[in-house]
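**Q**
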Amino acid sequence: MTEKNIAIIGGGPAGLMAADVLSGHGHRVTLYEAMPTVGRKFLLAGKSGLNITHSEDYQNFANRFGAANGRLKAALDGFTPQDVRDWAQSLGTETFVGSSGRVFPIVMKASPLLRTFIHHLEERGVEIRTRHRWAGFAHGGYRFETPLGDEIIQPHAVLLALGGASWPRLGSDGQWVPWLRQQGIAVDDFRPANCGFDVEWSTLFKTRFAGEPVKSVTLTSPLGTTQGEFVISSHGVEGSLIYAHASALRDGLERSGKADLVLDLAPAKSHARLADDLARQPAKASFSTRLRKAAHLDGVKVALLRERVPQIATLESKAQAAYIKSLPVPLLRPRPIAEAISSAGGVAWHDVDDGYMLRQHPGLFVAGEMLDWEAPTGGYLLTACFATGRAAGRSMLRWLNNAADLTIQDA
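Here UniProt numbering is used: position 219 in the sequence shown is 219, and no number is missing along the way.
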């Protein structure tokens, strides 16, 4: 078999996984990364404990990707959450399942796994060139800005794994979008995913409660009802409970300009029980005392009620209970995409074949967050990046083999 030159542009999880698949098959694999080191977003994700995948039932796991479920299924089947754990273990990283079902390395860090993985790739002959920023197409090839000046490469096959548009300071800045569009490749506009939202808090409320967690509540959106916690911020709301519903809230704002957090501040009690308990409180007791004794609410939850319903203390117990059980908090807008954990949008699926190759550009493949999909936090994002990188790498090998066969036949 004749050696082929393969370029992987982007040194995040998808690009690194593709390099793993491609190395050791008789081809020269070079990985180009704009930043001084690879895997920077991977390392950031591991700052508070690397959530590498999720342990829930696989069929449920594979349906966490919204409109892209069908397109991602084959890649996920080829690299399941258990495969992620097995892969980590093969590199010396043991994992465990946390109380939420999320899977973490026992060391609770990303750096040991990343270092071992890079060493493994280099041992298999992968050349990693950092500070090589892709600058678009040129002369039938790909132009890079490097410390030594511009460089143009013309490899036999290329994988683009440049990420989406969240956390641009780590390298995924979306600057590639116009270059692909100029080539006739459809790219859907990026939007923030797993993000916070702006809320018009009063000055008094945000001064007093910014940074405070709101615990043991449920949030209802078109995605369903979820129990958890979130954080009041100076600009609005953040946190895992918000992120779980971010796509529905964002889409609602885009459609109609309106979307509410609908909060149950006392999920352990029914409306009827809560109304009775409130009604039994002494009339002379303060409103805060009545809420604390009847609904176990205090601090930020009481303040949130007063912020949204200033007249709440004057209402009858049934109306008070109704607000406690279903408190609407109007949202203004998502936080900027640069702050989002991930992004929606990217290369449109109709321009990508089942092997992650661009239909109108033979030999050019895409993987990871460049593609138009999104998922909640909890290990889903990272697993899908791994899986699409591996799927694209396998497809590149097949395409190179088929191209070689065609060349022989033509000769």
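Glycine residues also receive a C-beta, built at the ideal position from the N, C-alpha and C atoms.
Bridge partners for Phe96 per DSSP, in chain order?
**A** For Phe96, DSSP records a beta bridge to Phe104.
**Q** Measure from the alpha carbon of Thr93 to the alpha carbon of each residue in Lys318, Arg85, Ser100, then state which is nearest.
**A** Arg85
**Q** Report the start-end ranges of each beta strand (DSSP E) in the UniProt domain "RsdA/BaiN/AoA(So)-like insert" (191 to 342) that is 3 residues or longer and not cut off at the edges.
**A** 213 to 221, 224 to 232, 236 to 238, 260 to 264, 327 to 330
**Q** Got a sec: does the ligand FMN put a non-hydrogen atom nearer than 8 Å to the Cβ of Leu278?
**A** Inclusion of the ligand FMN in the displayed structure is not the case, the ligand content being empty and no account of it being possible.
**Q** So, is His27 buried or exposed, given that buried needs 16 or more other C-beta atoms within 10 angstroms?
**A** buried
**Q** Let's test the definition: count the other Cβ atoms within 10 Å of the Cβ of Ala247 and tell me whether it reaches 16, buried, or not, exposed.
**A** The residue you asked about is not Ala; residue 247 is Ser in the sequence shown. That one is buried.
**Q** Name the DSSP bridge partner or partners of residue 422?
**A** The structure shown does not extend to residue 422, since the chain spans only 1 to 411, so no value can be given for it.
**Q** Do the CB positions of Ala62 and Asn51 come within less than 9 Å of each other?
**A** no
**Q** Helix, strand or coil: how does DSSP classify Glu151 here?
**A** strand
**Q** Over what stretch of residues does the alpha helix (DSSP H) that includes residue 439 continue unbroken?
**A** No statement about residue 439 is possible, as the shown extent of the chain runs from 1 to 411 and does not include it.
**Q** If I'm right that Ala18 touches Ala367 with Cβ under 8 Å, what's the distance once you round it to whole angstroms?
**A** 6 Å
**Q** Return the CA-CA distance between Lys72 and Arg394, expressed in angstroms with no decimal places.
**A** The question names Lys, but residue 72 in the sequence shown is Leu. Each residue's alpha carbon lies about 15 Å from the other.
**Q** When you compare only the Cα positions, how much space is there between Thr95 and Thr383?
**A** The C-alpha of Thr95 lies about 14 Å from the C-alpha of Thr383.
**Q** Near Ala321, which residues of its chain fall below 7 Å by C-beta distance, leaving aside the five closest residues on each side in sequence?
**A** Cβ within range, chain order: His271, Leu274, Ala275, Leu278.
**Q** Would you list the one or two residues that DSSP bridges to Ile8?
**A** Leu31, Leu159
**Q** Can you tell me which of Ala210, Val231, Gly149, Ala193 puts its alpha carbon nearest to the alpha carbon of Trp134?
**A** Gly149
**Q** Do you know offhand how far Ile408's Cα is from Tyr142's?
**A** Only weak support exists for where Ile408 lies, its pLDDT of 32 falling under 50; the value from the coordinates is given anyway. Rounded to the nearest angstrom, the two C-alpha atoms are 27 Å apart.
**Q** For a quick check, are the C-beta atoms of Glu307 and Ser233 less than 9 Å apart?
**A** no
**Q** Looking at the secondary structure, which residues open and close the beta strand (DSSP E) in which Gly39 lies?
**A** Looking at the DSSP string, Gly39 is not in any beta strand (DSSP E), and its letter there is neither H nor E.
**Q** If we ignore side chains and look at the alpha-carbon of each, how far apart do Leu219 and Asp264 end up?
**A** 7 Å
**Q** Reducing DSSP to helix, strand and coil, say where Arg181 ends up.
**A** helix
**Q** If you run the structure through DSSP and keep just helix, strand and coil, what is Thr407?
**A** Unreliable placement is indicated for Thr407, whose pLDDT of 40 sits below 50; the coordinate value is still reported in the next sentence. Looking at Thr407 - three-state DSSP - the assignment turns out to be helix.
**Q** Just the Cα atoms here: how many angstroms apart are Gly196 and Tyr243?
**A** Straight-line Cα distance between these residues: approximately 7 Å.
**Q** Between the beta-carbon of Gly12 and the beta-carbon of Tyr32, is there less than 9 Å?
**A** no
**Q** Can you round the beta-carbon distance between Val29 and Ile118 to whole angstroms, since I take them to be within the 8 Å contact cut?
**A** Contact flag wrong, Cβ pair sits at about 13 Å.
**Q** Phe144 by DSSP, collapsed to three states: which one?
**A** Phe144: strand per DSSP, three-state reduction.
**Q** What three-state label does DSSP hand Trp167 in the structure shown?
**A** coil
**Q** Considering only their Cβ atoms, is the gap separating Asp260 from Val329 smaller than 9 Å?
**A** yes
**Q** Taking the alpha carbon of Phe79 as the point to measure from, which residue in Leu121, Asn402, Ala392 has its own alpha carbon closest?
**A** Ala392
**Q** Please identify the residue among Leu76, Ile6, Gly24, Leu121 whose C-alpha is closest to the C-alpha of Ala387.
**A** Leu76
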